[in-house]
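For reference, each letter of the sequence shown is one residue, going 3 to 363 in the working numbering. Backbone N, C-alpha and C define an ideal beta-carbon position, used for all residues, glycine too. Accompanying notes for the structure given below.
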Amino acid sequence: MKQQIKVLSAIGHFSRYRPRHHPCCLKTFSIHSLSRNIVHSVPIRLSSTKQARAIQLTNNTCLNFSNCNFNFCVFEYQQRNMSHNRKVSSDVNAFQDQLNRATKIVALTGAGISAESGIPTFRGEGGFWRNYKSEELATPEAFAKDPGLVWQFYEYRRQLVSSKEPNLAHKSLSILEQNFIRDSPHRQVIVVTQNVDELHRRAGAKRVLELHGSLFKTRCTQCKAVKTNFTIPIVPVLENIKLDEPDRHIDPKDLPRCEKCTGLLRPHVVWFGEQLDPFVLKQAEGLMSVTDFLLVVGTSSVVYPAASLIPQAATRGVTVSEFNIEQTAASEYAKYFFKGPCAQTLPKALQIGETMISHWG
Ligand SMILES: NC(=O)c1ccc[n+]([C@@H]2O[C@H](COP(=O)([O-])OP(=O)(O)OC[C@H]3O[C@@H](n4cnc5c(N)ncnc54)[C@H](O)[C@@H]3O)[C@@H](O)[C@H]2O)c1
Ligand SMILES: [Zn+2]
């Protein structure tokens with residue numbers, strides 16, 4: 003199969019090269035590990051298409067182009083024999099028909115599913131904390147520099163999330179899980195979430211894989227012990243963190259400490275620049291290799307490697323259904339696209355009525 007390769011944006015040094023192809027849509031792309039081995043990375047917006055001047059694609063190839071501004075490399079593969087007329091549907095009946103024939107449903111969710119609970123996404127409105135972009139605080143470097151500031155950011159988020167409730171989208175997925183399994187026990191519904199807010203569990207979901215950890219778990223920086231902790235504030239010095247107050251310096255000895263070894267605790271979340279827990283990633287990839295119906299809900303699908311799960315399933319011909327207020331990087335894989343706030347579109351598509359939801363609680 004003949005391929006034409008274009009560099010869309012960004013240049014980097016590759017340590018691995020693993021293309022992913024999608025047989026039935028116009029294009030696919032992937033972001034690869036770089037020599038610094040970053041797999042969880044801040045995305046770049048694809049803007050102009052620049053033809054590569056020269057390209058060598060072999061293992062451990064170092065690619066050098068002019069205008070090298072980014073740390074990431076993105077390739078677009080155009081396969082000449084692909085259908086250019088792929089139709090995207092929002093037909094609820096056709097969606098239901100396929101859903102009912104599925105046996106292993108995976109719902110990959112992102113910050114958008116919690117937006118209607120009042121929890122801001124990173125990239126939408128309210129995606130700022132004080133004057134910082136979240137990507138500036140959710141990093142190991144920021145924690146090493148000022149753990150007190152990072153804990154203020156996380157305690158603020160813990161307090162915010164604790165004051166919010168799961169919405170109809172979270173509840174619909176939990177009801178789907180219950181109904182789907184009740185009707186036929188060999189069937190499964192699994193939520194794979196990028197969210198760290200625990201709202202799926204609070205909505206009653208039984209099988210949840212948290213790709214990026216949880217705001218309500220801590221990890222010791224010394225002995226690595228992971229503990230669940232719902233105490234608000236997590237330590238007295240972090241009481242009532244306000245969004246509009248100036249940064250205050252907090253002595254690290256007053257920050258959360260390990261009960262076992264007194265080491266400094268950190269939030270058990272995957273930060274920008276860190277790798278996902280390999281065991282968790284393996285589980286997620288395993289699910290992508292067995293699912294026969296993938297729901298993609300409220301994610302911009304630009305944070306890797308979570309976003310690479312979608313092409314992994316799509317490449318196998320799995321039906322991808324997307325729920326978002328706008329088109330995303332995943333839309334090219336979607337057979338069904340339901341546009342709008344997912345607390346409205348998801349219950350409608352899953353045919354989960356108000357009575358069911360009110361009985362659910
Ligand atoms: N609630 C949370 O736990 C939370 C909140 C913010 C960020 N994060 C983290 O930030 C990273 C961001 O990636 P991401 O893709 O999850 O989020 P993102 O902020 O990159 O994208 C959010 C997506 O949700 C869509 N969206 C917004 N409101 C929506 C609605 N009402 N219905 C449907 N879609 C809606 C947006 O169009 C966008 O595509 C993740 O790693 C996640 O862990 C988590
Ligand atoms: Zn410890």
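Would you decide whether residue i is buried or exposed? Buried here means 16 or more other CB atoms lie within 10 Å of its CB.
i: residue 334; result: buried
i: residue 167; result: exposed
i: residue 176; result: buried
i: residue 225; result: exposed
i: residue 284; result: exposed
i: residue 304; result: buried
i: residue 136; result: buried
i: residue 220; result: buried
i: residue 208; result: exposed
i: residue 99; result: exposed
i: residue 198; result: buried
i: residue 345; result: buried
i: residue 245; result: exposed
i: residue 205; result: buried
i: residue 186; result: exposed
i: residue 96; result: exposed
i: residue 157; result: buried
i: residue 90; result: exposed
i: residue 143; result: exposed
i: residue 250; result: exposed
i: residue 230; result: exposed
i: residue 238; result: exposed
i: residue 325; result: buried
i: residue 347; result: buried
i: residue 269; result: buried
For residue i, verify whether its CB is less than 7 Å away from any heavy atom of ligand 1.
i: residue 328; result: yes
i: residue 320; result: no
i: residue 105; result: no
i: residue 312; result: no
i: residue 214; result: yes
i: residue 118; result: yes
i: residue 317; result: no
i: residue 210; result: no
i: residue 354; result: no
i: residue 199; result: yes
i: residue 180; result: no
i: residue 196; result: yes
i: residue 305; result: yes
i: residue 336; result: no
i: residue 113; result: yes
i: residue 124; result: yes
i: residue 323; result: no
i: residue 92; result: no
i: residue 192; result: no
i: residue 165; result: no
i: residue 300; result: yes
Hey, would you say residue i sits closer than 8 Å to residue j, going by beta carbons?
i: residue 273; j: residue 111; result: no
i: residue 252; j: residue 150; result: yes
i: residue 117; j: residue 297; result: no
i: residue 130; j: residue 113; result: no
i: residue 211; j: residue 183; result: no
i: residue 236; j: residue 160; result: yes
i: residue 223; j: residue 288; result: no
i: residue 299; j: residue 146; result: no
i: residue 213; j: residue 282; result: yes
i: residue 349; j: residue 327; result: no
i: residue 312; j: residue 286; result: no
i: residue 308; j: residue 196; result: yes
i: residue 178; j: residue 354; result: yes
i: residue 320; j: residue 339; result: no
i: residue 240; j: residue 119; result: no
i: residue 255; j: residue 227; result: no
i: residue 215; j: residue 163; result: no
Relative to ligand 2, is the shortest distance from any of its heavy atoms to the C-beta of residue i smaller than 7 Å?
i: residue 225; result: yes
i: residue 262; result: yes
i: residue 344; result: no
i: residue 265; result: yes
Using 8 Å for Cβ pairs, my map puts residue i next to residue j. What's the rounded Cβ distance?
i: residue 351; j: residue 94; result: 5 Å
i: residue 115; j: residue 293; result: Actually they are not in contact, since the Cβ atoms of residue 115 and residue 293 sit about 18 Å apart, beyond 8 Å.
i: residue 105; j: residue 189; result: 5 Å
i: residue 267; j: residue 280; result: That pair is no contact at about 22 Å.
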